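*Asks:*
Listed below in structure tokens is the structure:
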């Protein structure tokens, strides 16, 4: 798949790899395998650079952070790893939405080339 910005693609892949590593760590901590599959799919989609995919992934990431925020803040000592994970997730969403290089990477059209 072509990219319009190599640095933007690299940032997107770093974020995708972070999602996979996070899913593996969460699996070790007792989560299910579905998150690893979902994180892998997110990484593949981020690699494509298809238009508007960055908005979808950033939105889903921010939604998940907000969904678990209250529970994580109710016992911050017990959930410190999840609070740190949430901060990193928000940073990743910010990069996907506002970094110029990443935004340029996500300009591939949704057209099948013949």
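In the numbering used here, the protein residues as written are 634 to 747.
Glycine residues also receive a C-beta, built at the ideal position from the N, C-alpha and C atoms.
These numbers were taken from a predicted model, which means no experiment stands behind them.
(1) Tell me, to the nearest whole angstrom, how far the beta carbon of residue 694 is from that of residue 664; I am working on the premise that it is less than 8 Å.
(2) Within this structure, are the beta carbons of residue 714 and residue 705 separated by less than 7 Å?
(3) Can you tell me the Cα-Cα spacing of residue 679 and residue 687, whole angstroms?
(4) Mapping the DSSP letters down to three states, classify residue 741 as helix, strand or coil.
(5) Kindly indicate which three-state DSSP category residue 730 falls into: helix, strand or coil?
(6) Using a Cβ-Cβ cutoff of less than 8 Å, which residues in the same chain neighbour residue 646 once the five nearest sequence positions on both sides are dropped?
(7) Start and end of the alpha helix (DSSP H) containing residue 672?
(8) Would you grab the beta carbon distance between residue 690 and residue 729 for me? Rounded to a whole angstrom, and I think it's under 8 Å.
(9) Tell me which residue opens and which closes the alpha helix (DSSP H) that residue 710 is part of.
(10) Quick one: give me the first and last residue of the alpha helix (DSSP H) that residue 651 is part of.
(11) What does the alpha-carbon distance come out to for the pair residue 635 and residue 732?
*Replies:* For this structure:
(1) Contact check for residue 694 and residue 664: beta-carbon distance about 16 Å, past the 8 Å limit, so the pair fails to qualify.
(2) No.
(3) 7 Å
(4) Assignment of residue 741 by DSSP, reduced to helix, strand and coil, places it in the strand class.
(5) helix
(6) The residues are 676, 679 and 680.
(7) 667 to 681
(8) 6 Å
(9) According to the DSSP assignment, residue 710 belongs to no alpha helix (DSSP H), since it is labelled neither H nor E.
(10) That run of the alpha helix (DSSP H) goes 639 to 661.
(11) 19 Å
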